[in-house]
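Participant:
In my numbering, the protein residues as written are 1005 to 1204.
1. Using the rule of at least 16 other Cβ atoms within 10 Å of the residue's Cβ for burial, across every protein chain shown, is residue 1021 buried or exposed?
2. Looking only at C-alpha atoms, which of 1092, 1154, 1041 sits nearest to residue 1190?
3. Counting along the chain, where does the alpha helix (DSSP H) carrying residue 1170 start and finish?
4. For residue 1109 and residue 1168, which I take to be in contact (beta-carbon distance under 8 Å), what is that distance rounded to the nearest angstrom?
5. Using the DSSP secondary-structure output, state which residues sit across from residue 1020 in a beta bridge.
6. DSSP three-state label for residue 1119, please.
7. Taking residue 1046 as the reference, give the member of 1183, 1164, 1144 with the closest Cα.
8. What residues in its chain sit with their C-beta under 7 Å from that of residue 1033, if we drop five residues either side in the sequence?
9. For the beta strand (DSSP E) containing residue 1083, name the first residue and the last one.
10. Which residues bound the beta strand (DSSP E) around residue 1149?
11. How is residue 1066 classed by DSSP in three states: helix, strand or coil?
12. I want to know whether the segment 1064-1084 touches the segment 1096-1116 - three or more CB-CB distances under 8 Å.
13. Return the CA-CA distance between residue 1150 and residue 1084, expressed in angstroms with no decimal places.
14. Provide the residue span of the alpha helix (DSSP H) that contains residue 1056, from first to last.
15. Looking at the strands, I want to know which residues DSSP matches up with residue 1039.
16. Whole angstroms is fine: what's the gap from residue 1069's alpha carbon to residue 1053's?
Below, the structure is given as structure tokens:
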């Protein structure tokens, strides 16, 4: 699996298992374009929100054992997107941190990110429904967990208020996209964005 060329914030990553086949193309300089096909329409919609509000170009092609359920597909997209994100980051100093409160009608979420090299998820965004379209709401957490671990990102997601699970989920993905856009911005600084001299 080749890494992106130095100075080019772009990656293509593929993963194939007995359960899924996933390909992700990510361009952090892309400008909000997307081409998403996972076999799960609501998940496609959420990834489109991520790309648009993160101002990145994102291509995702996924085939999975949806006859079983959506878990493997959603988790593996998170894994491959996380790997692509880690590869697309070049050696330039970046802002590294981002946080936002993102509303969607009556729903409000907090999203905070640190591109730390220490992948972990801290998640407190319970849903009332078991699914949104063909996306299991329990898989939302699994997507973000897989991304955080494989991207080397510390990620906090928290529901502040919200009655409608569609709005809550959309706010999470929009806020996540916004955090990616902010945290990956280049900054005029010499060396790594840490007093340790390296990002992790």
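The C-beta atom is built at its ideal place from N, Cα and C for all residues, glycine as well.
Facilitator: This is what the structure holds:
1. exposed
2. 1092
3. For residue 1170, the enclosing alpha helix (DSSP H) starts and ends at 1169-1187.
4. 7 Å
5. 1025
6. coil
7. For residue 1046, the nearest C-alpha among the options comes from 1144.
8. Here the set comprises 1013.
9. Residue 1083 -> not in any beta strand (DSSP E); alpha helix (DSSP H) instead, spanning 1075-1092.
10. Taken as a continuous stretch (DSSP letters only), residue 1149 belongs to no beta strand (DSSP E), being part of the alpha helix (DSSP H) at 1142-1155.
11. strand
12. no
13. Their backbone Cα atoms lie some 9 Å apart in a straight line.
14. 1045-1058
15. 1063, per the DSSP bridge assignment.
16. One C-alpha to the other measures close to 24 Å.
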